[in-house]
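Below is the structure:
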């Protein structure tokens, strides 16, 4: 399977092909607005603002599978992220990241990066995947990994563009 053949929907239902991001370095994260890790939105936004011009794309995929910590509908979630967390990076519609309804993007990512401490399951909100400019998943970060601590890996991936 090729990452660039996958699709997701924006909160308004508009389809987005991952092919749109060909040649970019992508940081993909499952998000939730009512989680103890929600302050990570600020760090993700800082990465987005700092490195977007160099080719970084941050994509947020809201998920309500972890203790119902994303209860908002897509429109309210997007508004909440902007108003309360300053999020301007691209958010997608709410998806499942585990189970029988796992979104195809997450099936792909979990299959590609499941060694070590990472299984074929997303452990919690704010688990992150770094994808290089060729569409290859290169690094998986735990939910507790703060966005600023990923900066070195992001810079390294951007240099390989």
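In this note's numbering, the protein residues as written are 279 to 439.
The beta carbon of each residue, even a glycine, is placed where N, CA and C say it ideally should be.
Out of the options, point me to the one whose CA is closest to residue i's CA.
| i | options | result |
| --- | --- | --- |
| residue 345 | 356, 374 and 283 | 374 |
| residue 425 | 326, 390 and 401 | 326 |
| residue 284 | 336, 295 and 291 | 295 |
| residue 319 | 366, 383, 350 and 351 | 366 |
Which residues mark the beginning and the end of the beta strand (DSSP E) in which residue i is found?
| i | result |
| --- | --- |
| residue 407 | 406–409 |
| residue 286 | 285–287 |
| residue 338 | 334–340 |
Helix, strand or coil for residue i, going by three-state DSSP, please let me know.
| i | result |
| --- | --- |
| residue 311 | coil |
| residue 426 | helix |
| residue 419 | strand |
| residue 293 | strand |
| residue 350 | coil |
| residue 400 | coil |
| residue 412 | coil |
| residue 360 | helix |
Measure the beta-carbon distance from residue i to residue j and round it to whole angstroms, keeping in mind my assumption that it falls under 8 Å.
| i | j | result |
| --- | --- | --- |
| residue 404 | residue 306 | With a Cβ gap of about 11 Å, residue 404 and residue 306 do not count as contacting. |
| residue 432 | residue 369 | Not confirmed; about 19 Å, so no contact. |
| residue 421 | residue 372 | Not a contact, Cβ separation roughly 17 Å. |
| residue 259 | residue 409 | The question about residue 259 has no answer here: the residues shown for the chain are numbered 279 through 439. |
Strictly by DSSP, which residues pair up with residue i?
| i | result |
| --- | --- |
| residue 318 | For residue 318, which the question treats as bridged, DSSP gives no partner whatsoever. |
| residue 368 | 337 |
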